[in-house]
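Trainee:
Number of protein chains: 2
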Amino acid sequence: MAKGITKRSEDYSKWYLDVIAAADLAEHSAVRGCMVIKPNGYALWENIQRQLDNMFKETGHENAYFPLFIPESFIKKEAQHIKGFSPELAVVTYGGGKQLEEPLVIRPTSETIIWSTYAKWIQSYRDLPILINQWANVVRWEMRTRLFLRTAEFLWQEGHTAHATEQEAIEETLLILDVYRRFAEEYLAAPVFTGVKTAAERFAGAIDTYCIEAMMQDKKALQGGTSHYLGENFARAFDVTFQDENGENKYVFATSWGVSTRLIGALIMMHSDDNGLVIPPRLAPTKVVFIPIWRDDSQSDMLKAKITALTEGWKGRISFKVDDRDQYRPGYKFNEWEKKGVPIRLELGPKDIENNQVVMVRRDTGEKMFVSQEGLLERVENLLATIQQDMFNRALVFRDANTYDEDNFEAFRNRIEDPGGFFWVHWCGSPACETRFQDSSKATIRLIPMGESKKEDGSCIVCGQPSHTRVLVAKSY
Amino acid sequence: MAKGITKRSEDYSKWYLDVIAAADLAEHSAVRGCMVIKPNGYALWENIQRQLDNMFKETGHENAYFPLFIPESFIKKEAQHIKGFSPELAVVTYGGGKQLEEPLVIRPTSETIIWSTYAKWIQSYRDLPILINQWANVVRWEMRTRLFLRTAEFLWQEGHTAHATEQEAIEETLLILDVYRRFAEEYLAAPVFTGVKTAAERFAGAIDTYCIEAMMQDKKALQGGTSHYLGENFARAFDVTFQDENGENKYVFATSWGVSTRLIGALIMMHSDDNGLVIPPRLAPTKVVFIPIWRDDSQSDMLKAKITALTEGWKGRISFKVDDRDQYRPGYKFNEWEKKGVPIRLELGPKDIENNQVVMVRRDTGEKMFVSQEGLLERVENLLATIQQDMFNRALVFRDANTYDEDNFEAFRNRIEDPGGFFWVHWCGSPACETRFQDSSKATIRLIPMGESKKEDGSCIVCGQPSHTRVLVAKSY
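Residue numbers (our numbering), protein chains in the order written: chain S, 335 to 811; chain W, 335 to 811.
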């Protein structure tokens, strides 16, 4: 166990927690199920937020803020919704020293408080669409928590949109699914499958739940984001109607969609290694660390001055750090920045000055290069782009190498245990066969794909009835 | 009552709420004491956040996130703290369907949960300082709420820093006070007085509370932000000690500081007028609106095309909107953007095209200018800077014209009712005389100034005992 990090091959779960501790990202708090997101972890969330927020705004959405509290009577108005969330609620019963007349639920998600508000905002087709997103904390009481992946309180964004037609609402649902896919691929360097959930895996209150699913290094699936088409369910529960262009009263169509601090868990589990965190460059709070390396102290001032000269003009263009602390040796510093996942390390020693070069080391591969001091910033920027692309490609190769078509149920049951992976199997569509997967293999149907690629005739792997598409099955987080 | 907005001179409170409604900033929610911050209001908060966040980071602070919940036993650990916050707490007693063994308080502020965490992080002087800020929601049960100014749940930032020495902690407290002052002056266009609160007005658990105070248009004071020097109070309550360079164990010194969505209330009350909201340009989500004005529809395409040509290259440099909606008349549009506080309106009609000009109208003064189409963006940018400065200057002139030295208690009692304003008076420092102000005039001591400007010998306006500085007294929000 080098550097306090358990090897992935030994204990993947322990490795995950060790990486979080080594990179100083988060820790459990004194409050059951709640975590403290430390500055290094929060900086990742800030970068995720900034990018997603830009993408939401580019697609016409605005931010707003709705109350943390939901009157108990509101959350009970949509039958499936309360059925799904009821076991997970935290409830305020006292306020200002007095027992409340009506208990207040801490939002586990905000459909009910938001649709009770939209009822006031929407009268006519001219009030539609409403395209609102909220950055907020939510609480879902969890018995077994895991840093970033499952916590009682977590941070997320939740979009809640209102539309005049079913078609427009479904288009919105799919537009956001595509935003999530692009964000996963282009920023998290995470190849994802997209598709729709089975009825059993739907959001409580949705007509359809769309999702992105990524493969972690232990070959399990992680759901990175969901986009729900809610139909008229919440409009009916809160009596939200509008007068259309012909003067007819109609219910409003809804969507909701969210990603959370869970994405940080996905980032860690997809890319990190036995030396610690590996961050995709586009999300890295610090992209480069520059370390002077001296034999004796007399060289240190000269090296520091050279680094200052070499990094002139970098500020504002790239986020970098110079680690010129006198009290630590280079090896200690290398280890520290490696654990924290900084994509590129630059080293400069007296020999390098003689040779007009800099040592450039990739965090993702460990590759060491000697590069000219001329045009250093451009070399660094090019390498960051290369690392980002290589990280995506490696994850894609890994996923594809561990994704199989499988037509025999016994073989599937064995192979999902060893070697594990993603399995495309035929399924007849019946809940009974879906339950068989889950009970016999601890795997679930992650999604039904939307495109043509897996459309083919076959027989359900469980019951043999006809099937017209393969579905994705895997164990999951 | 033009445009649905009550005149300031008729009913200032009603005017404030009317401006919020006219600009579509926020509304009361179905949950007692909680507001919905609508997209126009939230966009102001995002701009405030972005700027303050930059200033915090420039002064060495990082963001983190701590739990929403505080175990009841934690919040009781600091005696003054619980005494102050106890009447305002919201308490969770049920989670996941079960009664909790220990109730959880929704954070009214996070000193206790954070210092219980710092206890784990701090062992040595090498772990100090800790300079952390958090953007979060907090809950303080309020009986009489008022949009933005006083709500049960509100959004804020809270900084919590830990230091090895008293001097360093006091320097931090004052550094942040200066950040708040600069933000108020340079972004909110709000001249502020800075100083320290009396013991009666201190934050519960603080040694000293520093504040910024601004004058609203009704001549009342609004406290815009506070920065607290907490001494060793929270370190003692949570037993947070560190080993100093000589191996001695010492308690850690603390500060905390915050501003909230209340700043939006201040922005509204300082600058807006009987036509609606007026936003300082540096915080305006939309800085310019461009409106084509046609007599008959045949002209509309030509005008729209000309506006597209005139605003070429503006995107990314300035946030602007073109209001080319066919279904509304120019007068309706002028009114709408005026209510919403957009700093500059540009108009373009067929006559303007002939004359190679654009009509440019200032929101703050209503002044109308005919300017050349050449270099339009630069003219707009210059005018935005002028408006920002002029808004500050007008607020300063107004405040200074309504701020008086007063040495006679009876005169003070009369003048604070009519004409009202800020009064610099001599005060002996006794709580008894402080209570007299409050009881007889509904005014409070807003601050004791820190600089030399009000240091002079005199006699307490209440009891006649010696005083060495004037203090600022006013009615307040």
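We put the beta carbon where it would ideally sit given N, CA and C, even for glycine. Owing to the predicted nature of the structure, the values given are computational and were not obtained by experimental measurement.
Tell me whether the beta-carbon of residue 411(W) lies closer than 7 Å to the beta-carbon of residue 571(W).
Mentor: yes
Trainee: Looking at residue 529(W) and residue 784(W), is the spacing between their C-beta atoms short of 7 Å?
Mentor: It is a contact, given that the beta carbons lie within the stated cut-off.
Trainee: In or out: residue 352(S) buried (at least 16 other Cβ within 10 Å) or exposed?
Mentor: When all chains shown are included, residue 352(S) counts as buried.
Trainee: Against chain W, does residue 444(S) count as a neighbour if the rule is that its beta carbon must be under 7 Å from one of theirs?
Mentor: No, no contact with chain W.
Trainee: Am I right that residue 517(S) and residue 601(S) are in contact with their C-beta atoms under 8 Å? What's the rounded C-beta distance?
Mentor: By a beta-carbon distance limit of 8 Å, residue 517(S) does not contact residue 601(S). Their separation comes to about 12 Å.
Trainee: Taking the runs of the beta strand (DSSP E) that are 3 residues or longer, which of them lie wholly in the region 545-571 of chain S?
Mentor: 555-565
Trainee: In terms of alpha-carbon separation, which member of 423(W), 770(W), 782(W), 404(W) lies closest to residue 363(S)?
Mentor: 404(W)
Trainee: Measure from the C-beta of residue 514(W) to each C-beta in chain S and report whether the shortest distance is under 7 Å.
Mentor: no
Trainee: Is there a Cβ from chain S that is less than 7 Å from the Cβ of residue 428(W)?
Mentor: yes
Trainee: Consider the Cβ of residue 692(W): report whether some Cβ of chain S lies at a distance smaller than 7 Å.
Mentor: no
Trainee: Near residue 335(W), which residues of its chain fall below 6 Å by C-beta distance, leaving aside the five closest residues on each side in sequence?
Mentor: Its pLDDT being 49, under 50, residue 335(W) is placed unreliably in this model, and the value from its coordinates should be taken loosely. Nothing meets the Cβ criterion.
Trainee: So, is residue 651(S) buried or exposed, given that buried needs 16 or more other C-beta atoms within 10 angstroms?
Mentor: exposed
Trainee: So which of 433(S), 452(S), 419(S) has the shortest CA-CA distance to residue 441(S)?
Mentor: 419(S)
Trainee: Please classify residue 666(S) as buried or exposed, where buried requires at least 16 other C-beta atoms within 10 Å of its C-beta.
Mentor: exposed
Trainee: Counting only runs of 4+ residues fully inside the region 677-754 of chain W, write out the alpha helix (DSSP H) ranges in chain order.
Mentor: The qualifying runs are 684-688, 710-735, 743-751.
Trainee: Would you list the residues sitting across from residue 488(W) in a DSSP beta bridge?
Mentor: DSSP output for residue 488(W) lists 472(W) as bridge partner(s).
Trainee: Is it right to say residue 809(S) is buried, meaning 16 or more other beta carbons lie within 10 angstroms of its own, or is it exposed?
Mentor: buried
Trainee: Start and end of the beta strand (DSSP E) containing residue 802(W)?
Mentor: 800-808
Trainee: Can you find a CB in chain S that lies within less than 7 Å of the CB of residue 371(W)?
Mentor: yes
Trainee: Quick one: what does DSSP say residue 760(S) is sitting in, helix, strand or coil?
Mentor: If DSSP states are grouped into helix, strand and coil, residue 760(S) belongs with the strands.
Trainee: Taking only beta-carbon atoms, is residue 401(S) less than 7 Å away from chain W?
Mentor: yes
Trainee: Just to confirm my understanding: we take residue 655(W), look at its own chain, exclude 5 residues before and 5 after, and list those with CB closer than 6 Å. What are they?
Mentor: Once the five neighbours on either side are set aside, the close Cβ partners of residue 655(W) are 620, 623.
Trainee: Using 10 angstroms around the beta-carbon of residue 722(S), count the other beta-carbons present and answer buried if the total reaches 16, otherwise exposed.
Mentor: buried
Trainee: Name the residue from 764(W), 738(W), 627(W), 448(W) whose alpha carbon lies nearest to the alpha carbon of residue 752(W).
Mentor: Comparing Cα positions, the closest option is 738(W).
Trainee: Just verifying my parser: in three-state terms, what is the DSSP assignment at residue 335(W)?
Mentor: Confidence at residue 335(W) is low in this model, with a pLDDT of 49, below 50, so its placement is unreliable and no value can be given for it.
Trainee: Give the DSSP bridge partners of residue 458(S), in chain order.
Mentor: 577(S)
Trainee: Since residue 626(S) is in the beta strand (DSSP E), which residue starts that stretch and which ends it?
Mentor: 622-626
Trainee: Over the uninterrupted alpha helix (DSSP H) stretch that includes residue 669(W), give me the two end residues.
Mentor: 664-674
Trainee: In chain S, what lies closer than 9 Å to residue 767(W) by C-beta?
Mentor: Simply none; closest approach about 31 Å.
Trainee: How is the alpha helix (DSSP H) around residue 513(W) delimited, first residue to last?
Mentor: Segment 500-520, the alpha helix (DSSP H) holding residue 513(W).
Trainee: Leaving out five residues on either side along the sequence, give the residues of the same chain with a beta carbon under 6 Å from the beta carbon of residue 609(S).
Mentor: 672
Trainee: Helix or strand or just coil, what does DSSP make of residue 656(W)?
Mentor: Here residue 656(W) sits in strand by DSSP.
Trainee: By alpha-carbon positions, which one of 557(S), 496(S), 603(S) ends up nearest to residue 526(S)?
Mentor: 557(S)
Trainee: Kindly indicate if chain S contains any beta-carbon less than 7 Å away from that of residue 363(W).
Mentor: yes
Trainee: Check whether the region 424-439 of chain S touches the region 385-399 of chain W, counting contact only when three or more Cβ pairs, one atom from each stretch, lie closer than 8 Å.
Mentor: no
Trainee: Apply the 10 Å Cβ neighbour rule to residue 345(W) and answer buried if 16 or more other Cβ atoms are within range, or exposed otherwise.
Mentor: exposed
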